[in-house]
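Position in the sequence shown counted from 1, then plus 3, gives you our numbering.
This report refers to the structure that appears directly beneath it.
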Amino acid sequence: MSLYLIINTRRIAYLKNITPLQNDNAPAVAIIIAVKDEEAEVEEALRSVCALDYPNFKVIVINDRSTDNTASILQQMAQNDPHLLLITVNELQQGWLGKNHALYRGYEASSEEWLLFTDADVKFEKDSLRKAMQYVVQNSLDHLTALPQITSRSSLFKSVMNTFALMLDVKLRPWEVSDPSSKTSMGVGAFNLVRRAAYEQAGTHRSISLRPDDDLKLGERVKHSGFRQAVVYAEGELSLEWYTSLGQFINGLMKNMYSVSNYNFGLAMSTALSTFLILVLPVPLLLLSGSPFVWMGIGIIVSQIAIMVFKKGMIANWWDALLTPFAGAVMVYIIIKSTILTIKQGGIYWRDSFYPLSELRKQV
């Protein structure tokens, strides 16, 4: 598995290594950002977006029912920056998750050839959009996903996050996304750059209005509609502090982890079991079994260290590999608890609104 990941992720390009687009007649881009109660980070992130060195872009920010100081921050920024268009949503539309509806409202307010859906806490380097568009143009793409650099003040969360990222690599196989013959697809909320025509033909956010994993599903629908798609690593170009602690990470995934299994109890439990058998059990069991099994356990640890050190797109310390069983146990806990909690309460709470499971399952 270590060699499999190390070799295949080498096929994914780094955004930082791409020469920025030099054409001042670059395609028009609408950058669409849904915001709700983001007063702590939204100003710094938005300033980085508005400061992009790109000749033809507009920033559309949708304030989705914020109850903190977000609205006043956005209003002041919109008055001072000609790039920024502010839209306010005061009530949730029936049949929509708030974020998905806000992103759709941003699309309705745009006319640009390209749409960049991103989050309110993502920080951009000045040339990042020029580099992304250059990659799109030279590869004739309709959709580009850029995987941001995840930062955190919590070392424990970063260690668990690295294992979570490896799980996503194995599940999503991002190196296959650019292969038109592969059904593999990808999308990420931090950076989904999609051609307007492809977005519309894929059904827009209307077709995924109740999906908590809207970023992944948007990528899936674009790819399955026959459009060209690719993934790049955006270390050094895009960054965000996803969660400030392991507890926040666990609570944050509770509302949407069950959706990854399409609200299928059997699939969720089999995922939890396979995670336990692959990540949690082997090393402790082998190390406690004595010779010669202890050497097998050490071999697994060495292979995990190799992934942390040599896998492309990984920013990790070698000793993060020692926490793999713990990180796997955290993921098993999240999968099981998210599944049971969603079933027990009959749905999910998302941005202070409740969505019945019967409604969520209609878009499986």
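Ideal Cβ placement from N, Cα and C applies to all residues, glycine included.
Is it buried or exposed for residue i, if we count other Cβ within 10 angstroms and need 16 for buried?
i: Pro183; result: exposed
i: Asn26; result: exposed
i: Trp117; result: buried
i: Asn254; result: exposed
i: Gly293; result: exposed
i: Val191; result: buried
i: Ile343; result: exposed
i: Lys220; result: buried
i: Ala43; result: exposed
i: Leu276; result: exposed
i: Gln137; result: buried
i: Ile211; result: buried
i: Gly101; result: buried
i: Ile409; result: This structure leaves residue 409 out entirely; the chain is present only between 4 and 367.
i: Leu289; result: buried
i: Ile337; result: buried
i: Ile35; result: buried
i: Pro384; result: Nothing about residue 384 can be reported from this structure: the residues present for the chain run from 4 to 367 only.
i: Ser348; result: It is Gln, not Ser, that sits at residue 348 in the sequence shown. Exposed, by the Cβ-count rule.
i: Asp172; result: buried
i: Thr274; result: buried
i: Gln307; result: buried
i: Gln232; result: buried
i: Ser155; result: buried
i: Leu24; result: buried
i: Lys314; result: buried
i: Lys134; result: buried
Measure the C-alpha to C-alpha separation of residue i and residue j and round it to an integer number of angstroms.
i: Ile63; j: Leu243; result: 19 Å
i: Lys126; j: Asn59; result: 19 Å
i: Leu76; j: Phe268; result: The residue you asked about is not Leu; residue 76 is Ile in the sequence shown. Each residue's Cα considered, the two are about 42 Å apart.
i: Ser248; j: Leu159; result: 8 Å
i: Ser51; j: Ala29; result: 20 Å
i: Trp353; j: Phe194; result: 21 Å
i: Ile303; j: Met170; result: 16 Å
i: Gln141; j: Leu132; result: 14 Å
i: Lys340; j: Tyr266; result: 13 Å
i: Leu175; j: Lys129; result: 29 Å
i: Gln97; j: Gln366; result: 15 Å
i: Glu94; j: Arg209; result: 17 Å
i: Trp245; j: Met317; result: 16 Å
i: Pro295; j: Trp322; result: 24 Å
i: Ala200; j: Phe120; result: 15 Å
i: Asp168; j: Gln152; result: Before going on, a small fix: residue 168 reads as Ala here, not Asp. Computed Cα separation, rounded: 11 Å.
i: Lys39; j: Asn103; result: 12 Å
i: Leu326; j: Asn259; result: 24 Å
i: Arg68; j: Gln82; result: 20 Å
Look at residue i and residue j and say whether their C-beta atoms are less than 8 Å apart.
i: Ile9; j: Ala309; result: yes
i: Lys19; j: Glu179; result: no
i: Val92; j: Asn66; result: yes
i: Thr207; j: Tyr110; result: yes
i: Val335; j: Phe279; result: yes
i: Val263; j: Asp218; result: no
i: Leu150; j: Ala271; result: no
i: Val234; j: Pro177; result: yes
i: Ala37; j: Leu88; result: no
i: Thr148; j: Gly222; result: yes
i: Asp124; j: Ala48; result: yes
i: Lys226; j: Ser181; result: no
i: Leu213; j: Tyr7; result: no
i: Leu363; j: Ile351; result: yes
i: Glu115; j: Ala31; result: yes
i: Ile90; j: Ala112; result: yes
i: Val286; j: Gly300; result: yes
i: Met80; j: Glu46; result: yes
i: Arg198; j: Asp122; result: no
i: Ala330; j: Thr70; result: no
Any beta-carbon of chain D closer than 8 Å to the one on residue i?
i: Arg14; result: The structure shown contains no chain D; it is built from a single protein chain.
Below 7 Å, is the gap between the Cβ of residue i and the nearest heavy atom of the ligand MG?
i: Ala149; result: The ligand MG is not among the ligands present in this structure, which contains no ligands whatsoever.
Give, in chain order, every unbroken run of the beta strand (DSSP E) that is at least 3 residues long and sits entirely within the stretch 221-247.
-> If we require 3 residues or more, the beta strand (DSSP E) runs fully inside the stretch 221-247 come out as 232-236 and 241-244.
What runs of the beta strand (DSSP E), each 3 residues or longer, lie entirely inside the stretch 88-137?
-> DSSP runs (the beta strand (DSSP E)) wholly in the stretch 88-137: 117-121.
Are at least three pairs of beta-carbons, each pair with one atom in the stretch 273-288 and one in the stretch 145-163, less than 8 Å apart?
-> No, the stretch 273-288 does not touch the stretch 145-163.
Alpha helix (DSSP H) runs contained entirely in the stretch 143-188, provided each spans 4 or more residues = Here the runs fully enclosed are 158-175.
Taking only runs of the alpha helix (DSSP H) that begin and end inside the stretch 254-313, which ones reach a length of at least 4 residues, in chain order?
-> Listed in chain order, they are 260-263, 268-278, 285-291 and 296-313.
Segments of 3+ residues assigned as beta strand (DSSP E) that fall wholly inside the stretch 330-367 | The stretch 330-367 contains these whole beta strand (DSSP E) runs: 350-353 and 356-359.
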